[in-house]
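For reference, the structure is listed below as C-alpha cells.
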Amino acid sequence: MTGTADIGKLVGQAYKHGFVTDIESDSLPPGLDEDVVRQISRIKREPQFMTDWRLSALRHWQTLVEPQWAHLRAHPVDFQAISYYSAPKSKANAPKSLDEVDPKLLATYEKLGVPLHERARLAGVAVDAVFDSVSVATTFKDRLEKAGVIFCSFSEAVQKHPELVEKYLGTVVPYQDNFYACLNSAVFSDGSFVYIPPGVRCPMELSTYFRINATNTGQFERTLIIAAPGSHVSYLEGCTAPMRDENQLHAAVVELIAEDDAQIKYSTVQNWYPGDENGVGGIYNFVTKRGDCRGRNSRISWTQVETGSAITWKYPSCVLRGEGSIGEFYSVATATNLQQADTGTKMIHIGANTRSTIVSKGISAGRGQNAYRGLVRILPGAHGARNFTQCDSLLMGPKCGAHTFPYVEVKNPTATVEHEASTSKISEDQLFYCLQRGISEEDAINMIVSGFCKSVFKELPMEFAVEAQNLLAVSLEGAVG
Amino acid sequence: MPTAAATSRRLEQLATEAGLAPRRQALLKAALAAGLPTGRDENWRYANLRALDRQVFSAAAVPDAEALQLAAAALPAALEGHARLVVVDGWLSTELSTTPLPAIVTRLENEDALSTTALDDAGASPTTTRTPATPLRAASGAPTVDLRFAQLNAALAPQTLSIDLPYGSTAAVELVFVATADASHSASHPALQLRIGDGARLDLVERHLGAGAAATFSNADLRIEVGTQARLRHTRLQQLGPRSKHFDTLRLRAHDGAECEYLVVAAGAQSARSTALLELLGREASLRWDAVSLGDRTQINDAFVRVEHIGRGTRTRQAFRGIAAGRSRLAFNGHMIVRDSAVGAASDQSLKALLAGTEAEADVRPQLEIYIDEVRASHGATVGKLDEQMRFYLLSRGLDPATADALLKWAFVEDMVARIALPALRHQVEDVMAAQLHTVIDTAELR
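Sequence order for the protein chains is B and L.
For what it's worth, our numbering labels the leading residue of the first sequence as 1, then goes sequentially.
For what it's worth, our numbering labels the leading residue of the second sequence as 1001, then goes sequentially.
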C-alpha cells in the first residue's frame, strides 16, 4: 500500500482563509507613474526625503526587467493593471484606537484567530495588523512604550520618528537591490516599524498580520526592525488573502538591523491564498528579506513556514558583518497542487568568526514544484567563519518536483563550509512499520512529516508553532496535525 | 574595456571573411545571434569569460614542421596497448600518431576546409576523407547557451576526428590534443565524435597539452554515444601550459545498460572552462564522474557537469576534489536532473574543495533537479582548510609541517586516481598532480 490516495486526500484540503470582507476602501486607480508615487507619499503625509527616495526608486525600477533565473513559471504581471494603494475607509485617516477600527475588520481578524483586540491580552502578543496597504491597529503600545520599545506602523514611524527612518531605511535593502524590492521602495504604503533601545529585552513577542482583501490590488508593505546594542526582540509575521481567480502581487521588503550583542528572531507563517487545484488564482509572493548583523556578536534568526502563495520567491538573508555574529535560517516550504516555491537564503560572511546555520525542509506534493536556493559566501576577511547547511526534500507523488540549488563561494582559507542534502519520498518501510503497529495511514503520514519538519518547528515561538501545525493540517501536512 | 560585445563583434567580422565557407559563416552567425554566454547566465557564473577578451578565433593553419616538432617534444611516453592519435592545433598529425591508424579511426574533412594549404605539406596525409556524418544531437534539455562553444567549434574546426567502435569490440585509444599556435594569431578547434557500438569496450585517454610556454587558445568539442551494454572508461587530463586559455564541451549519450566511468584531472592552463552535458537515456545506464582540479598561481578553472537521468534505474555517482593554492580560483558546478521517466534513478554527489592559498577561492554548486518521487538523491559539499586534527596527528608523530600538509593534500586527491588500472597512466597522472602541488613527497616512493 503506497499511501498515495491518502496523501492526495490530505493534500486536497481547502484553503480556510479565503473569505472576503465586505468593507469600504479607498483605492488609487490602477497604474504606476511618478504621479501615483507622489500621491501615495501625499496621502501618507510624508516628509520630502521619503518622496524623493520613492521617486528615485521608481526611476530606477523603470530601468529594470523582471528576474528570470528562478525555477518558476509565472504568468506575466501587468504592473500597470495593479492598484498601488488600497486602504480600508475609517473614521479618520488612521485609527487612534481599536474603537475606531471598522468592526467588520476586527471580525476579519477574529476569523483569522489574530489576537488583535486588547482583550486578547492573555495571548501576550503585541500585534500590528496591516490590511491591504495600511496598518489598521497596533496593540499593547502603552506597555511597549514603557519599556522604550517603538512598535508602530511604518506610516506612524515616518511621522513620529523620521530621523530613525531616514537613518536606517534602505540601508540593508537599498532600492537598487532587485526588481521587486525596487518596486516596493517606490510604492510601499505601510508596514511595521520596530526599534528596541539599547539593553532592552522586548517584554513580549511582537507580531504583524498582513491581509490582502481588495481585488486588483497589490500589497507592498515594508518592515524595519532595529535592535540597538544589547537588545533582544522576537517578531512574528503572518499573512492570508481571499480566494480570487486572478493572481495578486505581494512584494514586501523586510530590513533587520542588529547592533552589538543584539538579537532578532524573525518568524513567518506565510499562508497567502495558493490558488485552486488547477492553479487558478493565488498570490505571487515576491519578497526581499535581509538582516544586517552590524554589531559584534549580534544574531539574526529567520524561521519560516511557507504553505501559501501560488508562487513564492523569497530568500531571507543575513549579512554577517560584525565579528562573531551569527545568522540562522530555518525553513519549511510546501508546494501542493500547482504551487511553486523558489526559496532559500543567503549568508554573507564578512566579519571574522561569523557563523551561520541553514536548515531547509521542502515538501512537494501534487504537481507542486519546490526549489531551495541558497548562497553561502565567505569573503576574504571572514577568518574562521563557519557554515553548516542541511537541506532535505520530501516528495509525495509522481508528478511533483524537488530541486536544490546551493551556491558555496569561499574566499578565505580558514573558513569551513559544509552542505548536505537529500531527496526522497516517504519511506515505505516507515509507513509499513507504523501500519503494522495499528496506526492509521493518515496518522502514520502525520508522524513522518512531523518528524521531517521537527528541527524547524522547534525554532518557532510557541504561538506560531501551534499555528504552523494547524496550517500544515489544512494544506499539505494535515499529516502534521 | 573589452566586453562580450567586443568578442561578438570580432566573431561577426570573422563570419563575413571571404576565406570562411558559407556553411561555416551561417553556423557562426547563428551562434552569435543566440548570444555568447555572460556572467549573468547561471551556468557561466564562475567561468572566466574575460579569457575571450582580444581573443582571435580564426582556426590555426595546418601545423608546420616546427609546430610538429614542438608538439612531439610535449608528448609523454606512449601508453602500452593504446593506439595514439595526436591532434595538433585541431589537425590530426599522422606523423605523431600510431602508424597505421587503427581502422576504427576516420578523419572527417569538414567540408569547405578553412585552409588552402595542402595537407601533405605538413605531413598530415589523410587516411579517409568524407563529409561528416549527421551530427549527434544536442543534449535534450541543455540551455542552448551551454552549447555555444560547441557551436563555435562546429563553425571553425578544420577537421573532425571520428572513432567508431563496432559491436562487441574492444579498444584502447590515447587521444592527445596539442596546442602550439599563438593565441594572438589563431586558435585551436579540435573536434571528436565517438561511437561505441553495443557491447563494445573502450579505454580512452584524452590529454590536452600545450607546447612549451606558448600562450594558446583552444576550444574542443567531443560528442560521444555509448551503445547498449557498452563500456567507456574515459580519462581526461588537462595539462595545458601556464599561459593557455581553454574551453571544451563534452556531450555524451548512454543507452541501455551502458557504463561510463570518468576521471577528469585539470591541472593546467591559465584559464579553463569545461562543459559536460551528459544524458543517461537507456535503462540502467550508469555514470561515474570523478574530477580533480588543482589550481595554483592565478589560475582559474571552472567545470560545469550536467547529468540528465532519463532512463529507468539510471545511476550517477559524482565526486569532485579541488585544491586551490596561491591566488587561484576553482569552481565545480554539478547539476543532476532526474526526469519523470527515470523511475528508480539514483544520484550521489560529493564535492570537496580545499583552500591552500591565502587569496584562493573555491566555488561549488551541487544541484539537484528532481521530477519524480521514486528516486534516491543526495549530495554533500564542503569547502575548507586542512583538517586540524589530522594535521595534529601527523605533527605529533614527528612530521614537519610541510610534509604533514603535503601528505594531507596528497591524500585528499590520491583516492581519485588510485583506481586507474594502468600503472603507467596512474604514474603519469600522479606526476602531473605532484608538479602542480609542488609537493615535497617523493611520489616514486609511494609506488
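C-beta atoms are modelled at their ideal positions from N, C-alpha and C, and glycine is treated no differently.
For clarity, every value in this text was computed on a predicted model and none was experimentally measured.
Please report the distance separating the alpha-carbon of residue 1186 (chain L) from that of residue 365 (chain B).
54 Å
Which first and last residues belong to the beta strand (DSSP E) in which residue 347 (chain B) is found?
340-349
By the three-class DSSP mapping on this structure, what secondary structure does residue 451 (chain B) have?
helix
Could you give the first and the last residue of the continuous beta strand (DSSP E) run that contains residue 1221 (chain L)?
Taken as a continuous stretch (DSSP letters only), the beta strand (DSSP E) holding residue 1221 (chain L) covers 1217-1226.
Same chain, Cβ closer than 6 Å to residue 162 (chain B), neighbours up to 5 away in sequence not counted:
Within the same chain, residue 162 (chain B) has close Cβ partners 47.
Environment of residue 1398 (chain L) [buried if 16+ CB atoms lie within 10 Å]:
exposed
Just how far apart, CA to CA, sit residue 1178 (chain L) and residue 1056 (chain L)?
18 Å
Residue 1027 (chain L) versus residue 1353 (chain L): straight-line alpha-carbon distance, rounded:
Answer to the nearest angstrom: the Cα atoms are 38 Å apart.
At what residues does the beta strand (DSSP E) containing residue 388 (chain B) begin and finish?
Start and end: 386-396.
In the structure shown, what three-state DSSP assignment does residue 1160 (chain L) receive?
strand
Measuring alpha carbon to alpha carbon, tell me which residue in L:1380, L:1006, L:1087 is nearest residue 1074 (chain L).
L:1087
What in chain L is Cβ-close to residue 416 (chain B), meaning under 8 Å?
1382, 1383, 1384, 1385
Ranges of the alpha helix (DSSP H) found wholly within the stretch 1058-1119 of chain L, counting only runs of at least 4
1065-1074
Beta carbon proximity, residue 1185 (chain L) to chain B, threshold 9 Å
no
Taking Cβ-Cβ distances below 8 Å as the criterion, which residues of the stretch 1337-1371 of chain L are in contact with chain B?
1340, 1353, 1355, 1356, 1357, 1358, 1359, 1360, 1361, 1362, 1363, 1364, 1365, 1366, 1367, 1368, 1369, 1370, 1371
Would you mind giving the Cβ-Cβ distance between residue 1090 (chain L) and residue 1189 (chain L), rounded to the nearest angstrom? I have them listed as a contact below 8 Å.
5 Å
Supposed close pair residue 248 (chain B), residue 218 (chain B) - CB separation, criterion 8 Å:
Residue 248 (chain B) to residue 218 (chain B), Cβ: 6 Å. Contact.
Leaving aside the five residues before and after residue 375 (chain B) along the sequence, list all residues of the same chain whose C-beta is less than 6 Å from its C-beta, in chain order.
346, 407
Hey, out of B:186, B:151, B:222, whose CA is closest to residue 205 (chain B)'s CA?
Residue 205 (chain B) has its Cα closest to that of B:151, out of B:186, B:151, B:222.
Counting only beta-carbon atoms, is residue 1248 (chain L) nearer than 9 Å to chain B?
Using a Cβ-Cβ cut-off of 9 Å, residue 1248 (chain L) does not count as an interface residue toward chain B, since no Cβ of chain B sits closer than that to its own.
Could one say the Cβ of residue 1373 (chain L) lies closer than 9 Å to chain B's Cβ atoms, at least one of them?
yes
Taking just the CA atoms, how far does residue 1381 (chain L) sit from residue 1366 (chain L)?
7 Å
Once the 5 residues before and after residue 251 (chain B) are set aside, which same chain residues still bring their CB inside 6 Å of it?
180, 183, 184, 220, 286
Sequence-distant residues of its chain with Cβ nearer than 7 Å to residue 200 (chain B) (five each side left out)
147, 148, 149, 231
Apart from the five residues on each side of it in sequence, which residues of its chain come closer than 6 Å, Cβ to Cβ, to residue 119 (chain B)?
Low confidence applies here, because residue 119 (chain B) scores a pLDDT of 41, under 50, leaving its location unreliable; read the following figure in that light. Cβ within range, chain order: n/a, list empty.
Counting only Cβ pairs nearer than 8 Å, list the residues of chain B close to residue 1378 (chain L).
420, 421, 422, 423
Please check if any C-beta of chain B sits within less than 9 Å of the C-beta of residue 1308 (chain L).
no
Pairing CB atoms from the stretch 1376-1396 of chain L with CB atoms from the stretch 1222-1238 of chain L, are three or more of them under 8 Å?
no
Short of 8 Å Cβ to Cβ, which residues in the stretch 390-403 of chain B face chain L?
393, 395, 396, 397, 398, 399, 400, 401, 402, 403
Can you tell me whether residue 1430 (chain L) is buried or exposed? The criterion is at least 16 other CB atoms within 10 Å of its CB, across all chains shown.
buried
Three-state class that DSSP yields for residue 461 (chain B) in the structure shown
coil
Exposed unless 16 or more other CB atoms sit within 10 angstroms - verdict on residue 1100 (chain L)
exposed
Would you kindly work out how many angstroms separate the C-alpha atoms of residue 981 (chain L) and residue 1105 (chain L), rounded to a whole number?
One cannot answer for residue 981 (chain L) here, as it falls past the ends of chain L, which runs 1001 to 1447.
Which residues in chain L have a C-beta closer than 7 Å to the C-beta of residue 411 (chain B)? List them in chain order.
Result: 1361.
Go ahead and pull the three-state DSSP assignment for residue 208 (chain B).
strand
Got a sec: which bits of the stretch 45-74 of chain B sit with their beta carbon under 7 Å from any beta carbon on chain L, in order along the chain?
Against chain L - using a Cβ distance shorter than 7 Å - the residues of the stretch 45-74 of chain B are 69.
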